[in-house]
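Down below is the structure, laid out as structure tokens.
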Amino acid sequence: MFSSFSARAPRSPRPARGTAYRVRLAIAVGYAAAVTVATGVVLAADLFADDPGFIGVWLILVTAPLSLVALALFELPGEMPQAVTNVLFYVATTGAGVIQAWLIWPGSLRRRKTSP
216 MFSSFSARAP RSPRPARGTA YRVRLAIAVG YAAAVTVATG VVLAADLFAD DPGFIGVWLI
276 LVTAPLSLVA LALFELPGEM PQAVTNVLFY VATTGAGVIQ AWLIWPGSLR RRKTSP
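Numbering (our numbering) for the sequence shown: 216 to 331.
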């Protein structure tokens, strides 16, 4: 049959999660929830209010500083239709918030392997 077949050794149990891991995970989940709530509130106000005013500023503030960079980048092509501008606003700000939540998440860090 298979000449190179070998049985796999059982995996060692995972190391215990430290307090720092749990704190970073809680912060990342809380930040992702804040981005989701802010996006929902701003989108609802944009869709259902007669004059939403400057409510989009809250979404920019929650997702700053990456959202500022993303918003500056989509201004480079120049004048665009209003519908495209609205979609790009939500994509840029919410996308920046998701990237920042991923960067806060402790699983995104590469861990060094230490030899025993």
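C-beta: ideal position from N, C-alpha, C; glycine also.
Owing to the predicted nature of the structure, the values given are computational and were not obtained by experimental measurement.
For residue i, which three-state DSSP category applies?
i    : result
D265 : coil
G233 : coil
L291 : coil
A279 : coil
A239 : Reading the sequence as shown, one finds Arg at residue 239 and not Ala. Correct three-state label for R239: helix.
I270 : coil
P321 : helix
In its own chain, which residues sit with a C-beta less than 7 Å from the C-beta of residue i, not counting the 5 before and 5 after it?
i    : result
A208 : Residue 208 is absent from the model: the chain starts at 216 and stops at 331.
L258 : Y305
V277 : A249, V250, A253 and G312
L281 : A311, I314 and Q315
Can you list, in chain order, the residues of its chain whose CB lies under 8 Å from that of residue i, leaving out five sequence neighbours each side?
i    : result
D261 : P267, I270, G271 and N301
In chain order, what residues of the same chain have a beta carbon less than 6 Å from the beta carbon of residue i, not counting five sequence neighbours either side?
i    : result
Y236 : P321
Okay, do the stretch 262–270 and the stretch 289–300 touch, 3+ Cβ pairs below 8 Å being the bar?
-> No, they do not touch.
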